[in-house]
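What follows is a single structure, written as structure tokens, with notes after it.
In full-length UniProt numbering, the protein residues as written are 1 to 722.
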């Protein structure tokens, strides 16, 4: 007959343990320590059928709760770490300095946290002279590879008992970004906080939740032209997952689909539990054959499935779970090849990763990738996300990390300490109560229709100022539902809000007030030989009411806000305005707006601003008297020919693109030459000395923050970074 496992030598100094099934077969013993401590040398044990614990308890070394340590930060290249210690314990603080000629990116100081991770972001000392930026080395890791040009590779490994989570190898790509995801080194006790998960998972998932307005009363998800979203949720119900984790996971799933429904989107769901076999709750085929179950029906089906309902099928067959998803994706493909190309697939799996039957899941995962990528991984990998949430007290990190998706700036594998806390933070993760919504989203296809052109730049605003003579026109950009960002010189003394209108696609909005920068003064340097001086040429227009955000009308992102951090996939409370600026410096080109600024905006600045002296009636000898550090510069023919700005385009946005999101970095202010004619219908190319100058938004942050970040008014504010 079955023997119960013994309670001998199970105690832990400074902590306690909990049992899932008393001392019976299959019971999981999990050690618990106070906050900031971890159980050593074992985290958990399992009672086997022979009455033995695995791993076996020992008299020596005795189980104890030890103070958390963080991975070794002394891996910093080209810099110094203070203090230099053999080990770094909870609440220890480190600071980072770079050698001369090297610039610090990331956090200048970090604190060892209770979850075994350092606060902030990986410090990197780099000159960034190669094509890709220095990818850095995370604490506890070793990196091989120190050249960062196209197709160059870097490889990572973690020291000692640390496990690498993320990409072991990364390649410098033609877009200037690294393949894969940033690696991290985890101890056995390392976990992701609910706040971190909500931010990293939330910002990634939000990019899939793009709403398109079909008409005033009907909204539905659109990822691309006629695209949609399929979500596959798999929950481990095997014996390696205790009932508490299982029950909490069900609640998390219900919370998640509730929050997704807040977006007024309608993804198709596949939800199932797996152990030895798969138990289906919702089949995605039902959504193709008929209307499919309602949200309430899905939640009711989840509630009905009980933990013990799996019976004797208590193994962990992760390969079968992915096979089930593969079969469903194959079915979706049979519903139409063309439509299949526009479907995004999001897989969410809750498991400890400890597969004990069915073989390795990796071949099935590769088949899923092959089916979706269609031989074009570079352009189609955005259509697949595989997330895994590690459950239980013994998560198989290396195994799980093999089959989640890896992309630059994203994280798809999370280790949870408490699923209940994750359920709570899902409330914040997908909270769109802030009417600013998802900034910078736009359509990237062009079928020639006017409506499509608008959707490629849904923030574009045309400003009409009516005066006694002829009306004047400028451009601007919607930066919140209430505010337009433009150039101050678009307004003259005596202009009043009542004489202004703003065209936003299909809408024409009234103006409440316009706010020029307080330091803007065109006549301040007339006595120095500069007839018109455009420093601080920036203004805000407050509309009478919020505009309705839709696919046709949506704010562009602006630097140094938490909203833009999400768009750039920069996570964590330690993200700074400086990091936004560093990321912009690494982008190889600025995207088309009303004007175009190429990479020479920063690389060829000196020769670019020298041509400012060729402007009409300018007599100064020093170009920097005209062009301050507040300006970006474009134009000329070296290293390539730019387009020039034309009359009526002043105030337009200069922006960069990253992760299919647009971030405005400048405002078109003034130009040296007017090469445009009234008959020009197309873009006009620059000549050798024609230059355009743009106000750098990184230089006018206090002005933007004062009005756009004001939380005391009747409009939704932006949250600005330090």
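All C-beta atoms, glycine included, are put in the ideal place defined by N, C-alpha and C.
- Query: What separation, rounded to the nearest whole angstrom, lies between the Cα atoms of residue 275 and residue 350?
  - Reply: 12 Å
Is residue 357 buried or exposed, if buried means 16 or more other CB atoms sit within 10 Å of its CB?
exposed
(Q) Our contact map puts residue 154 next to residue 170 with C-beta atoms below 8 Å; I'd like the distance itself, whole angstroms only. (A) 5 Å
Practice item. Could you please give the first and the last residue of the uninterrupted beta strand (DSSP E) stretch that includes residue 377? Key: Note, residue 377: premise wrong, no beta strand (DSSP E); alpha helix (DSSP H) at 377-380.
* **Sub-9 Å separation of residue 121 and residue 575 beta-carbons** => yes
At least three beta-carbon pairs within less than 8 Å, the segment 610-628 to the segment 680-696
yes
For this session: Starting from residue 155, follow its DSSP beta bridges and name the residues at the other end.
Result: 144, 169
On the three-pair Cβ rule with 8 Å, is the segment 547-554 touching the segment 466-485? yes
Exercise for review: Assign residue 58 to one of two classes, buried (16 or more other C-beta atoms within 10 Å of its C-beta) or exposed (fewer than that).
Suggested key: exposed
Self-check item: Pairwise C-alpha distance: residue 18 and residue 246
Solution: 16 Å
Take the Cβ of residue 76 as the centre, count every other Cβ of all protein chains shown within 10 Å, and call the residue buried at 16 or more, exposed below.
buried
Note to self: Distance check for residue 188 and residue 70, CA to CA, integer angstroms please.
What the structure shows: 11 Å
Answer yes or no: do residue 466 and residue 563 have a C-beta to C-beta separation smaller than 9 Å?
no
- request: For the alpha helix (DSSP H) holding residue 76, just list the boundary residues, first then last.
  value: That residue, residue 76, is in no alpha helix (DSSP H); it is neither H nor E in DSSP.
#### Entry: Straight-line Cα distance separating residue 234 from residue 84
45 Å
- Item | In DSSP terms, what residue 282 is bridged to | 271
Give the C-beta separation of residue 91 and residue 190 to the nearest angstrom, bearing in mind that I take them to be a contact with Cβ-Cβ under 8 Å. About 16 Å; that fails the 8 Å criterion.
Spatial neighbours of residue 701 in its chain, beta-carbon cut-off 8 Å, leaving aside the 5 residues before and after: 559, 560, 577, 720
Does the Cβ of residue 150 have 16 or more other Cβ atoms within 10 Å, making it buried, or fewer, making it exposed? exposed
**OP:** Give the straight-line distance between the Cα atoms of residue 144 and residue 156, rounded to the nearest whole angstrom.
**Re:** 7 Å
*Contacting residues, own chain, Cβ-Cβ under 6 Å from residue 287 (five flanking each side not counted)*: 268
Taking contact to mean at least 3 C-beta pairs separated by less than 8 Å, is the segment 375-387 in contact with the segment 23-36?
no
task: Please classify residue 186: does DSSP put it in a helix, a strand, or coil?
output: strand
Nearest-angstrom Cβ-Cβ length linking residue 463 and residue 541, presumed shorter than 8 Å:
7 Å
**Asked** Taking the alpha carbon of residue 296 as the point to measure from, which residue in 371, 138, 282, 289 has its own alpha carbon closest?
**Response** 282
Which residue marks the beginning of the beta strand (DSSP E) containing residue 461, and which one marks its end? 460-465
| field | Whole runs of the alpha helix (DSSP H) within the segment 381-413, excluding any shorter than 4 residues | value | 397-401
Straight-line Cα distance separating residue 47 from residue 29
8 Å
Exercise. Check residue 516 in the structure and name its three-state DSSP category.
Key: strand
* **Whole-angstrom distance between residue 715 and residue 708, CA atom to CA atom** => 9 Å
- request: Give the straight-line distance between the Cα atoms of residue 326 and residue 180, rounded to the nearest whole angstrom.
  value: 23 Å
request  = Can you grab the Cα-Cα spacing for the pair residue 124 / residue 570, in whole Å?
outcome  = 15 Å
_Alpha-carbon spacing of residue 333 relative to residue 339, whole angstroms_ = 8 Å
> Would you say residue 388 and residue 353 are within 9 Å of each other, going by their C-beta atoms?
Replying inline: yes
What residue range is occupied by the uninterrupted beta strand (DSSP E) comprising residue 161? Per DSSP, residue 161 belongs to no beta strand (DSSP E) and is neither H nor E.
Check your understanding: beta strand (DSSP E) containing residue 229: first to last residue?
Key -> 228-236
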